[in-house]
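Engineer: Add 51 to the 1-based position in the sequence shown for the working numbering, that's all there is to it.
This is the structure I want to talk about, given as structure tokens.
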Amino acid sequence: MAAGVNCIERQGVEADDIIASYSTQYTAYGFDVLLISNDNDFLQLVHDGINEVAKLKTTEDA
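Quick look at the structure:
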């Protein structure tokens, strides 16, 4: 655990698939989830309980 943040790895599984799985599980337990990413693939995860996908600005966007 670095800086108080748990890191999750699964052999042969991409990070976005892990994030999708965990966000779906947490909303099923009644938690709200906030995803912050430049990856537009996360837009498909937005539904009740996943409140927002925020796009980060890069130096190219500024």
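Glycine included, each C-beta is placed from N, C-alpha and C at the ideal position.
With DSSP as the reference, identify every bridge partner of V64, one or two as the case may be.
Structural biologist: DSSP lists no partner for V64.
Engineer: Do you know offhand how far Q62's Cα is from T75's?
Structural biologist: C-alpha separation (whole angstroms): 20 Å.
Engineer: Give the straight-line distance between the Cα atoms of L96 and A71, rounded to the nearest whole angstrom.
Structural biologist: Their backbone Cα atoms lie some 7 Å apart in a straight line.
Engineer: Taking C-alpha atoms, which residue in I87, G100 and I69 lies nearest to A79?
Structural biologist: The candidate whose alpha carbon is nearest that of A79 is G100.
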